[in-house]
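**Student:** So the sequence shown is numbered by the numbering used here: it starts at 2 and just counts up by one.
Quick reminder that beta carbons are idealized off the backbone N, C-alpha and C, glycines included.
I have a structure I would like to understand better, so I am pasting it below and will then ask my questions one at a time.
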Amino acid sequence: MNFQKAARPLVMGRNGAVSSGHCLASLTGVTVLQEGGNAVDAALAAAFVMAVVKPETCGPGGDLFALIYTRKDGKVAALNASGPAPARATIDYFRAQKLRSIPVSGPLSVAIPGAVDGWLELHKKYGSKDLLRLVRDAVGLARDGFPIHQELVEKIEEFSPEFPWIERMYRRPLNGLRAGKVLYQRGLGDVLERIASKGRDGFYGGETAERICRTLESEGGLLTPDDLRSPVAQWLEPLCANYRGATVYEQPPVSQGFMVLEMLNIVESWPMNGGTMDRADMIHYQVGAKKLAFEDRIAHLEDPAFGEPKISILISKEYAARRRGFLDEPASRSSDADVPSSSDTTFLCAADREGNAISLIQSVFAPFGSRVIAGDSGVIMNNRLCSFGLDPARANALMPGKRPAHTLNTYMILRGDEFFAAGGSPGADDQPQTNFQVIHNLLDCEMNPQSAVEAPRWSHQPGTPPRDQLPEELRMEDGFNPNVVEALRDKGHKISVVDRWSFGSAKVIVRDAATGTWMAGADPRREAYALAW
Numbered sequence: 002m003n004f005q006k007a008a009r010p011l012v013m014g015r016n017g018a019v020s021s022g023h024c025l026a027s028l029t030g031v032t033v034l035q036e037g038g039n040a041v042d043a044a045l046a047a048a049f050v051m052a053v054v055k056p057e058t059c060g061p062g063g064d065l066f067a068l069i070y071t072r073k074d075g076k077v078a079a080l081n082a083s084g085p086a087p088a089r090a091t092i093d094y095f096r097a098q099k100l101r102s103i104p105v106s107g108p109l110s111v112a113i114p115g116a117v118d119g120w121l122e123l124h125k126k127y128g129s130k131d132l133l134r135l136v137r138d139a140v141g142l143a144r145d146g147f148p149i150h151q152e153l154v155e156k157i158e159e160f161s162p163e164f165p166w167i168e169r170m171y172r173r174p175l176n177g178l179r180a181g182k183v184l185y186q187r188g189l190g191d192v193l194e195r196i197a198s199k200g201r202d203g204f205y206g207g208e209t210a211e212r213i214c215r216t217l218e219s220e221g222g223l224l225t226p227d228d229l230r231s232p233v234a235q236w237l238e239p240l241c242a243n244y245r246g247a248t249v250y251e252q253p254p255v256s257q258g259f260m261v262l263e264m265l266n267i268v269e270s271w272p273m274n275g276g277t278m279d280r281a282d283m284i285h286y287q288v289g290a291k292k293l294a295f296e297d298r299i300a301h302l303e304d305p306a307f308g309e310p311k312i313s314i315l316i317s318k319e320y321a322a323r324r325r326g327f328l329d330e331p332a333s334r335s336s337d338a339d340v341p342s343s344s345d346t347t348f349l350c351a352a353d354r355e356g357n358a359i360s361l362i363q364s365v366f367a368p369f370g371s372r373v374i375a376g377d378s379g380v381i382m383n384n385r386l387c388s389f390g391l392d393p394a395r396a397n398a399l400m401p402g403k404r405p406a407h408t409l410n411t412y413m414i415l416r417g418d419e420f421f422a423a424g425g426s427p428g429a430d431d432q433p434q435t436n437f438q439v440i441h442n443l444l445d446c447e448m449n450p451q452s453a454v455e456a457p458r459w460s461h462q463p464g465t466p467p468r469d470q471l472p473e474e475l476r477m478e479d480g481f482n483p484n485v486v487e488a489l490r491d492k493g494h495k496i497s498v499v500d501r502w503s504f505g506s507a508k509v510i511v512r513d514a515a516t517g518t519w520m521a522g523a524d525p526r527r528e529a530y531a532l533a534w
């Protein structure tokens with residue numbers, strides 16, 4: 002393993018590790034491990050804390066995906082806890098409102114939230130600690146307050162002038178915005194405690210559901226109590242592909258995780274792991290693979306219950322060989338997808354002394370989701386419905402009960418039957434690009450996890466929107482060799498060199514096969530912390 006010098010030290014421990022988007026979440030997760038909890042217990046406790054300390058990114062009003070590795074059987078399971086469209090959400094409805102696309106914020110952008118079903122399913126299948134214990138730290142931070150970080154300050158400053166709910170629930174109570182001010186969310190604490198004590202009825206029924214539906218109805222939304230009654234979480238078989246002898250697992254549809262596997266398959270034929278390939282050539286082929294994978298996402302990705310996304314073909318070696326021939330002239334796109342370019346999501350991973358691991362991502366989609374908050378409950382409602390298109394002839398067209406195509410994805414890597422790594426990142430269309438590059442750093446460059454997440458990254462834009470509507474640009478973080486940047490310009494790439502810490506916020510946990518040591522990395526690009534013991 003390559004122990005390159007990094008800005009942060011590599012975190013290591015023999016008994017377990019947690020890497021998340023906030024120090025308090027990682028601390029809570031490791032504390033649960035020290036109390037005898039397993040990896041899923043730790044991840045759940047950390048996820049509850051994230052819903053409190055980074056409410057602009059995730060919470061009970063959002064969605065969740067997870068991959069879980071159990072050492073006992075050596076298998077990886079996938080959980081899709083993304084919510085579908087409400088029963089009244091139809092293409093005809095939006096056309097009757099004279100809308101050409103679903104609004105990116107407000108009550109009409111809200112899909113049925115799935116995160117709570119995801120939390121409960123994870124606990125039911127894998128949890129070993131009482132749910133009231135796992136939610137305890139989050140409830141305490143909500144009721145007793147916590148010091149807000151600069152990222153939350155900036156989001157409140159950005160959105161509170163335009164959105165009254167954010168002004169009312171965040172800016173006014175803080176009485177002056179600056180990092181270190183203490184935020185209280187007693188309503189959210191009550192909601193989390195009801196979920197832990199009453200299960201589904203603590204959120205999808207009773208007082209909380211009534212507040213959600215009453216708020217959305219008063220603002221012209223589509224969600225009703227009937228929409229909340231049926232559980233939405235699904236246990237699925239993960240996708241997987243072999244890459245240079247390792248098995249890489251990803252989320253199945255409706256996640257865009259297949260794109261990571263497709264990109265790996267396309268570039269696998271080039272010697273990116275032998276030190277003989279020119280760095281500019283390497284990035285050129287990687288960017289080409291990215292373009293092709295995004296073409297396929299727009300053409301095919303949708304809820305398998307409503308269409309055939311052809312994922313088994315898209316992640317096959319035979320398909321990759323055919324697509325490889327188009328690297329210099331990727332097919333033009335003609336989708337009318339209209340997806341927000343920014344997103345707020347949080348990723349975390351955890352591992353325990355028994356060798357189990359989990360890779361978990363949760364999100365309200367855009368910063369503060371729909372910017373609608375369910376009364377004084379503190380539940381921020383997602384804006385995931387806007388991921389749908391309104392052309393019934395295309396993939397991912399809106400239908401009641403259909404799940405929208407998701408940016409959320411996580412990965413795991415096994416070598417033989419042994420666990421090697423779990424990782425992921427927030428970042429909307431940067432998610433698969435970041436994961437692709439970090440996996441390359443781990444497997445091809447043999448970097449340790451901290452070096453792998455710190456290495457400079459590129460981001461090719463646009464992602465989801467068609468290239469015939471937005472100009473292409475290859476954005477490269479400061480830190481690449483200038484000769485590599487110039488060589489890529491010579492190959493025809495329009496390049497912008499951007500800030501060193503621009504794309505994603507990767508977290509990774511790796512297990513050393515020889516010693517059993519857990520090694521954890523956390524990205525300096527956003528708030529992220531790894532702890533081990």
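Ordered along the chain, which non-local residues of its own chain (more than five positions away) have a Cβ less than 8 Å from that of S343?
**Tutor:** Any reading at S343 needs caution, since the residue's pLDDT is 48, under 50, leaving its predicted position unreliable; the model's value is listed next. Correct list, in chain order: A367, P368, A429.
**Student:** If you follow the beta strand (DSSP E) that R15 is in, where does it begin and where does it stop?
**Tutor:** Neither: R15 is in no beta strand (DSSP E) and is coded neither H nor E.
**Student:** Determine which residues share a DSSP beta bridge with D418 and list them.
**Tutor:** D418 is not bridged to any residue.
**Student:** Starting from the C-beta of V498, find all residues in its chain whose C-beta is less than 7 Å away, skip the five residues before and the five after it, and write them out in chain order.
**Tutor:** M477, D479, V486
**Student:** Please classify Q438 as buried or exposed, where buried requires at least 16 other C-beta atoms within 10 Å of its C-beta.
**Tutor:** buried
**Student:** So, using beta-carbon positions, are A351 and V41 closer together than 9 Å?
**Tutor:** yes
**Student:** Distance, Cα to Cα, A210 vs A82?
**Tutor:** 18 Å
**Student:** Mind checking G258: buried by the 16 CB within 10 Å criterion, or exposed?
**Tutor:** buried
**Student:** Check K403 in the structure and name its three-state DSSP category.
**Tutor:** The three-state reading of DSSP puts K403 in coil, since its state is none of H, G, I, E or B.
**Student:** By the three-class DSSP mapping on this structure, what secondary structure does R9 have?
**Tutor:** coil
**Student:** Could you tell me the distance, in whole angstroms, from the CA atom of P427 to the CA atom of A79?
**Tutor:** 18 Å
**Student:** Taking the alpha helix (DSSP H) that C446 belongs to, which residues open and close that run?
**Tutor:** Neither: C446 is in no alpha helix (DSSP H) and is coded neither H nor E.
**Student:** Is L302 closer than 9 Å to N397 when the C-beta atoms are compared?
**Tutor:** yes
**Student:** Is it the case that the CB of S231 approaches a heavy atom of the ligand SAH more closely than 8 Å?
**Tutor:** Looking for the ligand SAH in the displayed structure turns up nothing, as the structure carries no ligands at all.
**Student:** Should A18 go down as buried or exposed, given a rule of 16 or more other Cβ atoms within 10 Å for buried?
**Tutor:** buried
**Student:** From the DSSP output, in three-state form, read off I510 for me.
**Tutor:** strand
**Student:** Could you tell me if N449 is buried or exposed, where buried requires 16 or more neighbouring beta carbons within 10 angstroms of its beta carbon?
**Tutor:** buried
**Student:** Assuming G207 contacts W534 (C-beta within less than 8 Å), just tell me the rounded distance between them.
**Tutor:** With a Cβ gap of about 38 Å, G207 and W534 do not count as contacting.
**Student:** I think L262 touches A242, with their Cβ atoms under 8 Å apart; what is that distance to the nearest whole Å?
**Tutor:** With a Cβ gap of about 4 Å, L262 and A242 count as contacting.
**Student:** Given V54, which residues of its chain have a CB within under 7 Å of its CB, disregarding the five upstream and five downstream residues?
**Tutor:** Its chain contains H23, L25, A26, L142, F147 as the residues whose beta carbon lies nearer than 7 Å to that of V54, once the 5 sequence neighbours on both sides are disregarded; these appear in chain order.
**Student:** Extract the residue ranges of the alpha helix (DSSP H) inside the region 189–241, only unbroken runs of 4 or more that lie entirely within it.
**Tutor:** 207–219
**Student:** How about A67 and A44: do their beta carbons lie closer than 9 Å?
**Tutor:** Yes. Within cutoff.
**Student:** Excluding the 5 residues preceding and the 5 following G425 in the sequence, name in chain order all residues of the same chain whose CB lies nearer than 6 Å to its CB.
**Tutor:** Within the same chain, G425 has close Cβ partners F348, S360, I362, T411.
**Student:** Shortest alpha-carbon distance to G84 belongs to which of D118, Y127, F504?
**Tutor:** If we check each option's Cα against that of G84, D118 comes out closest.
**Student:** Indicate whether A358 and M273 have their beta-carbon atoms separated by less than 9 Å.
**Tutor:** no
**Student:** Under a three-way DSSP split, which group does Y250 fall into?
**Tutor:** strand
**Student:** Cα separation between L443 and N482?
**Tutor:** 20 Å
**Student:** So is L65 buried or exposed if we call it buried at 16+ other beta carbons inside 10 Å?
**Tutor:** That one is buried.
**Student:** Alpha carbon to alpha carbon, what distance is there between R72 and F420?
**Tutor:** 8 Å
**Student:** Rounded to a whole number of angstroms, what is the C-alpha to C-alpha distance between G522 and P405?
**Tutor:** Across the structure, G522 and P405 are spaced so that their CA atoms are roughly 31 Å apart.
**Student:** Spatial neighbours of E152 within its chain, please: C-beta separation below 7 Å, excluding the five flanking residues on both sides.
**Tutor:** The residues are R527, E528.
**Student:** In angstroms, rounded to a whole number, what distance separates the CA positions of Y286 and A507?
**Tutor:** 22 Å
**Student:** In angstroms, rounded to a whole number, what distance separates the CA positions of R458 and E296?
**Tutor:** When rounded, the separation of the alpha-carbon atoms in R458 and E296 is 21 Å.
**Student:** Can you tell me which of the three DSSP states A488 falls into?
**Tutor:** helix
**Student:** Do G222 and P108 have their C-beta atoms closer together than 9 Å?
**Tutor:** yes
**Student:** Answer with buried or exposed for V454, where buried requires no fewer than 16 other C-beta atoms within 10 angstroms of its C-beta.
**Tutor:** In the assembly as shown, V454 is a buried residue. Its beta-carbon has 16 or more other beta-carbons within 10 Å.
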